[in-house]
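Accompanying notes for the structure given below.
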Amino acid sequence: MIKDIEAMDPSILKGEPASGKKQKIEIGLLVGNSQVIFEKAESSSLTLVGKAKTKEARQTIINPDWNFERMGIGGLDKEFSDIFRRAFASRVFPPDIVEQMGCKHVKGILLFGPPGCGKTLMARQIGKMLNAREPKIVNGPEILNKYVGESEANIRKLFAEAEEEQKRLGANSGLHIIIFDELDAICKQRGSAASSTGVHDTVVNQLLSKIDGVEQLNNILVIGMTNRPDLIDDALMRPGRFEVKMEIGLPDEKGRMQILNIHTSKMREFNLLSSDVDLAELASETKNYSGAELEGLVRAAQSTAMNRHIKASATVEVDMEKAEKLQVHRADFMGSLNNDIKPAFGTNQEDYASYIMNGIIKWGDPVTRVLDDGELLVQQTKNSDRTPLVAVLLEGPPHSGKTALAAKIAEDSEFPFIKICSPDKMIGHSEISKCQAIKKVFDDAYKSQLSCVVVDDIERLLDYVPIGPRFSNLVLQALLVLLKKAPPQGRKLLIIGTTSRKDVLQEMEMLDAFSTTIHIPNISTGEHLVEALELLGNFTDKERATIAQQVKGKRVWIGIKKLLMLIEMSLQMDQEYRVSKFLSLLKDEGAERDRDRNFYD
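Numbered continuously in the UniProt record's numbering, the sequence shown closes out at residue 601.
Structure representation (structure tokens):
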């Protein structure tokens, strides 16, 4: 049966370039260079090979009118181009050339990364990008069924249509896309589940055999998505199955700009976005925000703007006159940025604000020197490509302000990810859960371009006590590994540790894990003590003069944290007794220190 006849472009005969126009005709002359394209009828038992699958007969699988912005995808240009290169290049090429190369198509793509970065959105839009059937989207847990064998049957049903078409049309079969969301729900490591039925294992086996088993299909593309690639069975990850593994990470500044453009395009179109909103400024302020969090930020700003036009009295009414002039302003975005939407992999200021609530008291050169060295290490982490991991240990006597200085260095670094790993969040944890909590802090840090982790009070994390002595070797080994482990390619990490027992860490061979050690001293001279009192400003000039006279030329030894406590205690007295009380407390502190020193000697 002749299905269609097209006339050759007459301009070709004159040696001119082809116009590209095709003219449908009823009758024509068959000449030597006429092209005859054979297509196999669906009911036919013939198999066409070779040049039957020419470029003209082939319908391109890429949709000609797609673009990222209209599809609502931002910040994933590089990932899309990588997926295209690996998964679709062979499908765009003429099938006869692919056949001659002996090239097999990629059948599986695994998208993994932090929640909210666009994995599901990307998979959903790949179907629109391709001139293929509507993809089958399956949520992982939907596969599972309470009846024996039904879960495996559900997997077989997903591939049945592709199998039937491949048998019928062979190489001319269209592309079938199957998308698995939350793949880790059904494809856990075999043997890891404790159930007696072993349902998870048989589901994995069924999926393995369908994607690349004995009767392999060449007309499928399986896309899997997960936040936990470590849970997925290794057999699924080999070439031929989920061959292309793509990390969908947190967007960079250019990506955030694209995402904000997409989510504010409707507001700009209807003039609801105020002219004072600068998307470039928002993109630079939203470090470590995922795509979902940026969308949430836009929603929060919209709700703040709407709230201005709602009159809440006995009833809730909208002021219609003002509502028609509604505009979302910069202040709405900034308010939402500071109060409503916080990045999951970002800096939580409340974490370290309590450590520096009294500020940093620069009572002398030792404190200034520590802050200067901290600034140098921050710059090294930012600028040096040779040292992506920098670890520094702040050590000194108790109450000398180590944690406050560590928190201050971290805050001044303005890194997009700052986390404090401290013992107070791990009270009552078992050794294993403590190791997991510490590892999670570091894993989160690796997801950011620039990160700072403060490991506070290391001897407390290790459960060290001098009686015995006793410590947790499990936590020690975990910390030793994590302190030396370089972050992934292109990521940089600054680790600041604090300890009051440098000697103990020396015995545990932990000091070698740090690049450098900085000593944080106590206040040791009367002059430094008076300087600290002046900066704190709790006593009057006359009271400070009296204290200075008493401590001048004398040696003192007190941590800044302890000094704050003594000052606050003495301030509770009547004004005439405050100085004498402070000096008395200072003397008792000195005597107690000397007793301790003699005892340990």
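Heads up, the beta-carbon is just placed ideally off N, CA and C, and yes, glycines get one too.
Since the model is a prediction, treat every value here as computed from it, not as a measurement.
### Task
With DSSP as the reference, label MET1 as helix, strand or coil.
Position 1 of the sequence shown, counting from 1, holds the residue named residue 1. Of the three classes helix, strand and coil, the one that applies to MET1 here is coil, per DSSP.
### Task
Kindly identify the DSSP beta-bridge partner or partners of SER274.
As a working note, residue 274 is residue 274 in the sequence shown. According to DSSP, SER274 bridges with nothing at all.
### Task
With a threshold of 16 other CB atoms inside 10 Å of the CB of SER290, please say whether the residue is buried or exposed.
In the sequence shown, the residue the question calls residue 290 occupies position 290. SER290 comes out buried.
### Query
Can you give the Cα-Cα distance for MET426 and VAL455, rounded to whole angstroms?
As a working note, residue 426 is residue 426 in the sequence shown. As a working note, residue 455 is residue 455 in the sequence shown. Across the structure, MET426 and VAL455 are spaced so that their CA atoms are roughly 13 Å apart.
### Query
Would you call the region 382-391 and the region 544-552 touching, i.e. three or more CB-CB distances under 8 Å?
Short answer: they don't touch.
### Query
At a cut of 8 Å, does the region 220-233 reach the region 108-124 through at least three beta carbon pairs?
By the Cβ test, the region 220-233 is in contact with the region 108-124, since at least three Cβ pairs between them sit closer than 8 Å.
#### Entry: Backbone CA spacing between LYS78 and ASN339 [nearest angstrom]
Position 78 of the sequence shown, counting from 1, holds the residue named residue 78. Position 339 of the sequence shown, counting from 1, holds the residue named residue 339. Roughly 32 Å separates the two Cα atoms.
### Task
Measuring alpha carbon to alpha carbon, tell me which of ILE259, GLY296, SER384, ASN271 ends up nearest LEU279.
Position 279 of the sequence shown holds residue 279. Checking every option, the nearest Cα to that of LEU279 belongs to ILE259.
### Message
Could you check whether the region 30-48 touches the region 252-266, counting it as contact only if at least three pairs of C-beta atoms, one from each stretch, sit closer than 8 Å?
### Response
Segments in contact, no.
### Task
Could you pull out every unbroken alpha helix (DSSP H) segment of at least 4 residues lying fully inside the UniProt domain "AAA+ ATPase" (388-524), listed in chain order?
If we require 4 residues or more, the alpha helix (DSSP H) runs fully inside the UniProt domain "AAA+ ATPase" (388-524) come out as 402-413, 431-446, 458-461, 473-484, 502-507.
### Message
Just to confirm the assignment, what range does the beta strand (DSSP E) spanning GLY224 have?
### Response
Counting from 1 along the sequence shown, the entry for residue 224 is found at position 224. Counting along the chain, the beta strand (DSSP E) containing GLY224 begins and ends at 220-226.
### Message
Three Cβ pairs or more, each shorter than 8 Å: is that satisfied between the region 530-543 and the region 569-584?
### Response
At 8 Å Cβ cutoff, the stretches touch.
### Query
Smallest Cα separation from LEU436: which of ILE83, TYR352, ALA305, VAL475?
Locating residue 436 in the sequence shown gives position 436, where the first residue counts as 1. Before going further, note that residue 436 is Gln rather than Leu in the sequence given. If you compare the alpha carbons of ILE83, TYR352, ALA305, VAL475 with that of GLN436, the shortest gap goes to VAL475.
#### Entry: Best match in PRO466, ARG460, GLU509, ARG501 for proximity to VAL481 [C-alpha to C-alpha]
In the sequence shown, counting from the first residue as 1, residue 481 sits at position 481. Nearest C-alpha to VAL481: GLU509.
### Cβ neighbours of LEU564 in the same chain (closer than 7 Å, five flanking residues each side left out)
On the sequence shown, position 564 is the one that residue 564 refers to. Cβ neighbours of LEU564 beyond the five flanking positions: ASN358.
### Task
Spell out the partners DSSP gives ARG544 in its beta bridges.
Locating residue 544 in the sequence shown gives position 544, counting from the first residue. As DSSP reads the structure, ARG544 sits in no beta bridge.
### Message
At the 8 Å Cβ level, is LEU279 part of the contact set with chain D, yes or no?
### Response
No chain D is part of this structure, which consists of one protein chain only.
### Query
Does DSSP classify GLU134 as helix, strand or coil?
Numbered from 1 along the sequence shown, position 134 holds the residue referred to as residue 134. In the three-state DSSP reduction, GLU134 falls in the coil class, being neither helix nor strand.
### Query
Would ALA301 pass as a contact of ASP276 if the rule is Cβ separation under 8 Å?
Along the sequence shown, read from residue 1 onward, the residue named residue 301 stands at position 301. Along the sequence shown, read from residue 1 onward, the residue named residue 276 stands at position 276. Pairing ALA301 with ASP276 gives a Cβ-Cβ distance that is not under 8 Å.
### Query
Do THR304 and GLY335 have their C-beta atoms within less than 8 Å of each other?
Indexing the sequence shown from 1 puts residue 304 at position 304. Indexing the sequence shown from 1 puts residue 335 at position 335. Yes, Cβ-Cβ distance for THR304 and GLY335 is below 8 Å.
### Query
With which residues is ILE109 paired in a DSSP beta bridge?
Position 109 of the sequence shown, counting from 1, holds the residue named residue 109. ILE223, VAL244, per the DSSP bridge assignment.
### Task
Look up ARG386 in the DSSP assignment and say whether it is helix, strand or coil.
As a working mapping, residue 386 is identified with position 386 in the sequence shown. Three-state DSSP puts ARG386 in coil, outside helix and strand.
#### Entry: Residues near HIS399 in its chain [Cβ-Cβ closer than 6 Å; skip 5 each side]
As a working mapping, residue 399 is identified with position 399 in the sequence shown. Its chain contains GLY559, LYS561, LYS562 as the residues whose beta carbon lies nearer than 6 Å to that of HIS399, once the 5 sequence neighbours on both sides are disregarded; these appear in chain order.
### Query
So ILE409 packs on LEU371, CB below 8 Å; how close in whole Å?
The count along the sequence shown starts at 1 and reaches residue 409 at position 409. The count along the sequence shown starts at 1 and reaches residue 371 at position 371. Yes, they are in contact, since the Cβ atoms of ILE409 and LEU371 sit about 7 Å apart, within 8 Å.
#### Entry: Separation of GLU243 from PHE84, as counted between CA atoms
Counting from 1 along the sequence shown, the entry for residue 84 is found at position 84. Counting from 1 along the sequence shown, the entry for residue 243 is found at position 243. If you draw a straight line from the Cα of PHE84 to the Cα of GLU243, it is about 13 Å long.
### Query
With GLY396 and HIS519 assumed to form a contact (beta carbons below 8 Å), what rounded beta-carbon distance in angstroms separates them?
As a working mapping, residue 396 is identified with position 396 in the sequence shown. As a working mapping, residue 519 is identified with position 519 in the sequence shown. Confirmed, about 6 Å.
### Message
Using a Cβ-Cβ cutoff of less than 8 Å, which residues in the same chain neighbour GLN380 once the five nearest sequence positions on both sides are dropped?
### Response
As a first step, residue 380 is located in the sequence shown; it is residue number 380 there, counting from the start. The residues are THR387, VAL390.
### Task
Would you mind working out which of ASP234, ILE361, ILE73, ILE356 sits nearest MET129, comparing C-alpha positions?
What you label residue 129 is simply residue 129 of the sequence shown in a count that begins at 1. Closest by alpha carbon: ILE73.
### Nonlocal neighbours in the same chain, by C-beta distance under 6 Å from VAL378, ignoring five residues either side
Looking up residue 378 in the sequence shown gives position 378. So the qualifying residues of the chain are SER413.
### Message
Looking at GLY102: is its Cβ nearer than 8 Å to the Cβ of LEU76?
### Response
For the purposes of this step, residue 102 is identified with residue 102 of the sequence shown, where counting begins at 1. For the purposes of this step, residue 76 is identified with residue 76 of the sequence shown, where counting begins at 1. Not a contact, by the Cβ cut-off of 8 Å.
### Task
Look up ILE25 in the DSSP assignment and say whether it is helix, strand or coil.
Taking the sequence shown and counting its residues from 1, the one referred to as residue 25 is at position 25. In this structure, ILE25 counts as coil in the three-state DSSP scheme.
### Task
Determine the DSSP secondary structure at ALA52, reduced to helix, strand or coil.
Here residue 52 refers to the residue found at position 52 when the sequence shown is read from its first residue. Caution applies to ALA52, whose pLDDT of 49 falls short of 50 and renders its modelled position unreliable; the value that the coordinates give is listed next. Of the three classes helix, strand and coil, the one that applies to ALA52 here is helix, per DSSP.
### Query
Among LYS402, PRO521, GLN477, ILE567, which has the Cα closest to the Cα of LEU536?
Taking the first residue of the sequence shown as 1, we reach residue 536 at position 536. Ranking the options by Cα distance to LEU536, first place goes to ILE567.
### Message
My output table needs one value for ARG555: the three-state DSSP class, helix, strand or coil.
### Response
Along the sequence shown, read from residue 1 onward, the residue named residue 555 stands at position 555. For ARG555, the secondary structure class from DSSP, reduced to helix, strand or coil, is strand.
#### Entry: Extent of the continuous alpha helix (DSSP H) run through ASP82
For this step, residue 82 is matched to residue 82 along the sequence shown. ASP82 -> alpha helix (DSSP H) spans 77-83.
### Query
Rounded to the nearest angstrom, how far is the Cβ of THR47 from that of GLY170, given a contact under 8 Å?
Start at 1 with the first residue of the sequence shown, and residue 47 comes out as number 47. Start at 1 with the first residue of the sequence shown, and residue 170 comes out as number 170. Here THR47 really is in contact with GLY170; their C-beta atoms are around 6 Å apart, less than 8 Å.
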